[in-house]
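Q: All letters in the sequence shown, in the order written, are residues 231 to 817 by my numbering. Here a beta-carbon is modelled for each residue, glycine too, at the ideal position from N, C-alpha and C. Please see the structure below; I have some questions.
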Amino acid sequence: MINIKENEHLSIMNHSCAHLLAQAVKHIYPNALFWVGPVIEEGFYYDIDLGDETLTEEALEKIEKEMKKIAKDGKRIVREEISKEEALAKFANDPYKIDLISRMDEEETTISCYTQGDFTDLCRGPHLETVKELKFFKLIKFSGAYWKGDAKNKMLQRIYGVCFENEEDLNAHLAELEEAKERDHRKIGKEQELYMNHELVGAGMPLWLPNGSIIRKQLENYIYEKEQKLGYDHVYTPCVGTVDLYKTSGHWDHYKENMFPMMKVDEEEFVLRPMNCPHHMLIFKNKMHSYRDLPVRIGEFATDFRYEASGAVKGLERVRCMCQNDAHLFVTPEQIGEEFKKVVSLILDVYRDFGLKNYKFRLSLRDPEDKEKYFDDDEMWNAAEAKLREVLNDLGVEYFEAIGEAAFYGPKLDVEVKPAVGPEVTLSTCQLDFLLPRRFELSYINSKGEKETPVVLHRAIFGTFDRFTAFIIEETKGRFPTWLSPVQVKVIPVNAEFQGDYGKEIKDYLAENGIRVELDDRNEKLGYRLREAQTQKVPYTLILGDAEKENNTISYRLHGEKDTTTLPKEEFLKMLKEEIDSKSLRK
Ligand SMILES: [Zn+2]
Ligand SMILES: [Zn+2]
């Protein structure tokens, strides 16, 4: 999708289109007052006070028609400078404009206004020369938006739109929006009953329904198995910690605004944890370690809580309660390269299994000139950064370096994945940390018998299970590979009266062999039941008629296909199991 904000001409165009929108609104609603109308990545919006009026789809169409009419008239857009006093007088009846003017810098004595025909708005500009250039635009949607984003303020109406230079670009953009809507995990999540939200539980706190939980459990099992093979030890730790724990880790000083507020229980002060690194530090510290034990790899599917503005939470993608696919690897400085290589290889392995191809690695390094911003151990930094580069080069991974983007406590690798629609998302991360082990006074005995501090690698492959699930829903459009599908097989007897028993027999046979299977023996037309299995995106539909019953076979149809294939039930099960065990992707 084109980022309008990053394109200068399109930005000017879209902002001019916002003025055109305001003018049209003013024609239809003479009492309308206007707040701000900025350009955003996807186009523009304008926040409007319509008094008691509320918008409808029809109203939006009407406004768009009026915009076309004004644009056709082709009035020039004229800039004018007026003094602050003049502006205050001119907009004396408009509290929104008064607010804007009064918040201007002291030094600014004049204000620019833009006028097109009968409409004038305060604005810094720049704008197009004439409204005639606005031909290929579309109003997308509307929503409520509190004035200044504060729920205590009045709710304004926000209208979104977008404008392009030609019809092809506009149509391509609209098609992409349509595709994004089709893939939206919130829509599919509802249709397939994957998760829900409830106001009594709270914003950003999704409840995983049985179907969604199947997917999550499969993801957990999948990554757990991989981690186990790589020598990870999985643990369970509580999702609270004391304030002192987070003072020790430094989160209390640097991360507090992302945390839930403190709660007092008896004399102890607790917080819901925003991350579980401190817990794992303590597990490492619980016993003496020799260099021979290292690396120690502690993994957990850890529930964490982070503050997100209520307006920012979104489905499973941005939540306040999340489950991390987390692990902390404790290594000697010499082991950094080797362990890092294993993490990157695991990422590549997982991405291959999920068929992800469109991604890039980003290596965040320190700015060597900026000594203040980074943990002070030159030798450590230089050695570690060289190692990370070497590993990425060895593995032949394409990456780019972001100088000065490293965290205070160490360099970092993350993977930006380009989804089917929308902007890139960061899924996997691997962060080196020289500092946290020191804050917790961790140590191991090195080969010379001396105490030494380990280095920690924080890493998450899926990121969070929540976000990864949202991602997979949108990538597959809810057409999950068979191993992840909540229902893998739907059994449909042609006529329940004649083949109902056989349907039940096949269902039981598959279920006993670990297949997630449903029987649809309702007294509905075959075509209707087949269509429903299609909409539910079940990978395999079995159609059982007299022939199947007599020969002890099944006939299956793959989702999205018309052909049926007939097989003995044992062969079908064998084929299905192979597909599930190999975690094949769907074509
Ligand atoms: Zn403007
Ligand atoms: Zn961590």
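1) Just grab the DSSP bridge partners of residue 548 for me.
2) Less than 7 Å separating the beta-carbons of residue 235 and residue 266?
3) Residue 641 and residue 618 - do their beta-carbons sit closer together than 7 Å?
4) Between which two residues does the alpha helix (DSSP H) containing residue 456 stretch?
5) Can you list the beta strand (DSSP E) stretches of 3 or more residues lying completely in the segment 734 to 778, in chain order?
6) Is there at least one non-hydrogen atom of ligand 1 closer than 6 Å to the beta-carbon of residue 343?
7) Specify, as a first and last residue, the run of the beta strand (DSSP E) that residue 332 falls within.
8) Note down the Cα distance separating residue 472 from residue 484, rounded to an integer number of angstroms.
9) For residue 504, does the count of other Cβ atoms within 10 angstroms reach 16, so buried, or fall short, so exposed?
10) Specify, as a first and last residue, the run of the beta strand (DSSP E) that residue 573 falls within.
11) Residue range of the beta strand (DSSP E) that residue 688 falls in?
12) So is the beta-carbon of residue 849 under 6 Å away from any non-hydrogen atom of ligand 1?
13) To the nearest angstrom, report how far apart residue 785 and residue 643 are at their CA atoms.
14) Is residue 298 helix, strand or coil by DSSP?
15) Should residue 353 be counted as a contact of ligand 1 given a C-beta to heavy atom distance under 6 Å?
16) Within its chain, find whatever has a CB closer than 6 Å to the CB of residue 802; leave out the 5 residues flanking it on each side and keep chain order.
17) Report, in whole angstroms, the separation of the C-beta atoms of residue 324 and residue 251, which I expect to be a contact under 8 Å.
18) Quick check on the DSSP output: the beta strand (DSSP E) that includes residue 644 runs from which residue to which?
19) Looking at the structure shown, is residue 781 part of a helix, part of a strand, or coil, going by DSSP?
20) Counting only the same chain and skipping the five closest in sequence on each side, list residues whose C-beta sits under 8 Å from that of residue 241.
21) So residue 600 is in the alpha helix (DSSP H); what residue range does that whole segment cover?
22) Work out the CA separation of residue 393 and residue 366 for me, nearest whole Å.
23) Confirm the yes/no value for this check: CB of residue 403, any heavy atom of ligand 1, distance under 6 Å.
24) Using 8 Å as the cut-off, can you tell me whether the segment 688 to 702 makes contact with the segment 531 to 549, which would need three or more C-beta pairs spanning the two stretches below that distance?
25) Confirm, please, whether the CB-CB distance from residue 441 to residue 421 is below 7 Å.
26) Comparing the CB of residue 688 with every heavy atom of ligand 2, is any distance shorter than 6 Å?
27) On the DSSP bridge assignment, give the partners of residue 531 in chain order.
28) Nearest-angstrom Cα distance between residue 317 and residue 400?
29) By the 10 Å Cβ neighbour count, where 16 or more other Cβ atoms means buried, how is residue 555 classified, buried or exposed?
30) Ligand 2 heavy atoms versus the CB of residue 393: any closer than 6 Å?
31) What residues match up with residue 595 in a beta bridge as DSSP calls it?
32) Helix, strand or coil: how does DSSP classify residue 318 here?
33) Could you name the residues that DSSP lists as bridge partners for residue 273?
34) Mind reading off the beta-carbon distance from residue 524 to residue 561? Whole number of angstroms is fine, and I expect it under 8 Å.
35) Grouping DSSP H, G and I as helix and E and B as strand, with all else coil, what is residue 343?
36) Would you report the Cα separation of residue 688 and residue 660, rounded to the nearest angstrom?
A: In short:
1) 544
2) no
3) yes
4) 440 to 459
5) 747 to 749 and 770 to 774
6) no
7) That residue, residue 332, is in no beta strand (DSSP E); its alpha helix (DSSP H) goes 325 to 332.
8) 16 Å
9) buried
10) Counting along the chain, residue 573 falls outside any beta strand (DSSP E), though it belongs to the alpha helix (DSSP H) covering 566 to 583.
11) 685 to 694
12) A query on residue 849 cannot be resolved here, the shown segment of the chain reaching from 231 to 817 and no further.
13) 49 Å
14) helix
15) yes
16) 784
17) Contact doesn't hold; Cβ gap of about 17 Å is too wide.
18) 642 to 647
19) helix
20) 234, 235 and 269
21) Looking at the DSSP string, residue 600 is not in any alpha helix (DSSP H), and its letter there is neither H nor E.
22) 6 Å
23) no
24) yes
25) no
26) yes
27) 555
28) 36 Å
29) buried
30) no
31) 633
32) helix
33) 270
34) 6 Å
35) strand
36) 6 Å
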